[in-house]
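See below:
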């Protein structure tokens, strides 16, 4: 597959991601591509780590939020933004909004990590908490947008958000070239699917024979099951996972067609796999990675993908974790 | 002061550091310059963090070891290298030696962190442990070098090592320019003084009106006292510090003249300051920083330097820490 054969019905193209990259470049951290001899030894291949936990606001979400908010008109900026988020999108939107002097209202689940709720409030955002099991966060957001005139900044089903997240994929390909290595595979965590969809569009366009995989936590493996059945499947209500950032009900409307067309699969891991990966990132990479952000490394260390003799790039997508959860992982 | 006025009796010049940079560039991580709005708020200025804990082998020491070992002749490579180190230099030398297929013997204190001893052994080095209070590590190293013909790779008192460490300073100045910020000050931890001396030569040559400070732990503040008295002062035997990486007896022979001529001062912190800084690096930067590596941030957060309205670049120099020590800091 080359660029020309990418289905043109997608919500965005490589060109959109490249434009996003030009737009946000001076605001983001070009996170390095890190490698650890110890991790390489563990999997028998080369592991190239893209640490988006070092991104501003501690997650890749800053890229999409930045791309979206930079395109607001002066009138829209004055009216403000509203976002619903399990946490990292909240931190990203509130961080960008603060620096652009835009009023922000963030709708977050009441069981989100304190680090994410407190951080969003510290950024000056108005935080509204909802019950993850009972309330409809999209409806709450729509009501506020209707009432205040604020622009809704969705977490993934938005071409500008997806394009911003896709800049991670451009950088991975660029940095693999700088390192003189061809990535046989790229793995990125999937919740609503904006990150992995954006990354897939960029990577498949720039490096067509690189396989792109999603990573998901057990219980929230809607993408793996949707890819298997060929249609969007929902998660069973009431599932639990340590991965607070990766808990959606069903695949995104804009993201699923992309992921269905471009992904080589979705790798599913359990909480123990995730804790071991968090500890490995601490020990071998000196990175603080939150549960959801550790899923791609968890998949590798749990043997969900055979990378012996191959090179694989992993997005470690965020690092906003409550200390008790983190210490539990280090003791694992 | 500009380049031309740097005393020419130093063991190395900016040109040596630039040559080192060209030599090691393809082997090192060009660590990013990170910034956190929360840290900026805490100190009332801009804090630009150079996370050398993300360097290969987890510390800046990789730069100097790489610069030194790349210059060995084939005969020297065959005879091997011997290094004495409190840990990070051991990891760095053994990592470089492994990749260049050079036999390495490392002499380490018996109370070094397990992470550092085990890591050096995992790299294939022969590790010899000594008693930090009783034995003379330099004498042990000299005896081995004499007997085996191995080349001694000292941790700081060597122009090539100092030049390698100084590449951190070149990158800080380059990256501050990329960020559009002029650094009013740079702080780097000091043990033997190779890092801060190399950084000072680079920074004072490239950005003459930037003040360069050392950071030291209480009890091992030989540089602060030496700068005050005007001559090399020794630490009192038996002192204790959480900063395992920063425990020397007296300033280096080659490093002290540089530090005496170029530094604006040395900032001294205690163990509680260090633990708070390790936690702040975890929380606000998602970086795992070891005690010695956290000293510059500890100095800022403890108010040892007033940076209100100013920009200061900090080298967080390493991230190799035992988990019990790390968890204790996160609980602080």
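Protein chains in written order, with the numbering used here: chain A, -1 to 330; chain B, -1 to 330. Heads up, the beta-carbon is just placed ideally off N, CA and C, and yes, glycines get one too.
Cross-chain neighbours of residue 286(B) in chain A, by beta carbon under 9 Å: When 9 Å is used as the limit between beta carbons, residue 286(B) is near these residues of chain A: 279, 280, 281, 283, 284, 285 and 286, in chain order.
Assigned secondary structure, residue 82(B) (DSSP; H/G/I helix, E/B strand, else coil): Three-state result, residue 82(B): strand.
Simplified DSSP assignment, three categories, for residue 48(B): Strand.
C-alpha gap between residue 279(B) and residue 73(B), whole angstroms: Answer to the nearest angstrom: the Cα atoms are 44 Å apart.
Short Cβ contact (9 Å threshold) for residue 64(B) with residue 27(B): In this structure, residue 27(B) does not lie closer than 9 Å to residue 64(B) by Cβ.
Buried versus exposed call for residue 234(A) [16 or more other C-beta atoms within 10 Å across all chains shown]: Exposed, by the Cβ-count rule.
Proximity test, Cβ basis, 9 Å: residue 61(B) and chain A: Chain A contact via Cβ: absent.
Closer than 9 Å to chain B by CB, residue 85(A): Chain B contact via Cβ: absent.
is_contact[residue 174(A), chain B] using C-beta, thresh 9 Å: Chain B contact via Cβ: absent.
DSSP state of residue 185(B) mapped onto helix, strand, coil: Strand.
Rounded separation between residue 22(A) and residue 91(A) - CA only: Distance between the alpha carbons of residue 22(A) and residue 91(A) is about 14 Å.
Whole-angstrom distance between residue 205(A) and residue 301(A), CA atom to CA atom: In this structure, the straight-line span from the alpha carbon of residue 301(A) to that of residue 205(A) is close to 24 Å.
Exposure of residue 232(A), with buried meaning 16 or more beta-carbon neighbours within 10 Å: An exposed status is given to residue 232(A), since fewer than 16 other beta-carbon atoms sit within 10 Å of its beta-carbon.
Neighbour flag for residue 96(A) against chain B, beta carbons, 9 Å: So, interface residue.
Residue 124(A), DSSP secondary structure in three states: In the displayed model, residue 124(A) falls within a strand according to three-state DSSP.
CB-CB length for residue 158(A) against residue 69(A), believed under 8 Å: Confirmed, Cβ separation roughly 6 Å.
Segment contact flag, the region 289 to 298 of chain B with the region 312 to 322 of chain B, C-beta cutoff 8 Å, min 3 pairs: Short answer: they touch.
Residue 211(B) - partner residues in DSSP beta bridges: DSSP output for residue 211(B) lists 185(B) and 263(B) as bridge partner(s).
Chain-ordered neighbours of residue 35(B) on chain A, where CB pairs are closer than 9 Å: Correct list: 54, 55, 93, 96, 97, 120 and 121.
Three-state secondary structure assigned by DSSP to residue 206(A): Judged by DSSP in its simplified three-state form, residue 206(A) adopts coil rather than helix or strand.
Run of the beta strand (DSSP E) containing residue 107(A), from where it starts to where it stops: Element bounds for residue 107(A): 102 to 107.
N- and C-terminal bounds of the alpha helix (DSSP H) containing residue 311(B): Per DSSP, residue 311(B) belongs to no alpha helix (DSSP H); it is in the beta strand (DSSP E), 309 to 314.
Opposing strand residues paired with residue 150(A) [DSSP bridges]: According to DSSP, residue 150(A) bridges with 80(A).
Contacts that residue 30(B) makes with chain A (C-beta to C-beta distance below 8 Å): Under the 8 Å cutoff, chain A gives 27, 28, 29, 30 and 52.
Chain-ordered neighbours of residue 317(A) on chain B, where CB pairs are closer than 8 Å: Residue 317(A) reaches chain B at 284, counting residues in chain order whose Cβ is nearer than 8 Å.
Touching by the beta-carbon criterion (3+ pairs, under 8 Å), the region 99 to 116 of chain B and the region 126 to 140 of chain B: Yes, the region 99 to 116 of chain B touches the region 126 to 140 of chain B.
C-alpha gap between residue 9(B) and residue 277(B), whole angstroms: CA-to-CA, the gap between residue 9(B) and residue 277(B) works out to about 37 Å.
Inter-stretch contact at 8 Å, needing at least 3 Cβ pairs: the region 141 to 149 of chain A / the region 78 to 90 of chain A: Result yes; three or more Cβ-Cβ pairs closer than 8 Å.
Residue 299(A) beta carbon near the ligand ZN (any heavy atom closer than 8 Å): The model depicted lacks the ligand ZN and carries no ligand whatsoever.
Residue closest to residue 161(A), alpha-carbon to alpha-carbon, out of 67(A), 217(A) and 49(A): Distances from the CA of residue 161(A) to each of 67(A), 217(A) and 49(A) were compared; the closest alpha carbon is that of 67(A).
Nearest neighbour of residue 97(B), chosen from 194(B), 152(B), 25(B) and 213(B) [CA to CA]: The candidate whose alpha carbon is nearest that of residue 97(B) is 25(B).
Residue 165(B) at chain A interface by Cβ criterion, 9 Å: Answer no: the Cβ-Cβ gap between residue 165(B) and chain A never drops below 9 Å.
Within chain B, partners of residue 321(A) - CB distance below 7 Å: Those within 7 Å of residue 321(A) in chain B are 328.
Check whether residue 319(B) and residue 267(B) have beta carbons under 9 Å apart: Not a contact, by the Cβ cut-off of 9 Å.
Cut-off 7 Å between Cβ atoms - residues of its own chain near residue 115(A), not counting five sequence neighbours on either side: Within the same chain, and ignoring the five residues on either side of residue 115(A) in sequence, the residues whose Cβ sits closer than 7 Å to its Cβ are 106 and 125.
Contact with chain A by residue 49(B), beta-carbon distance below 9 Å: By this cut-off, residue 49(B) is an interface position.
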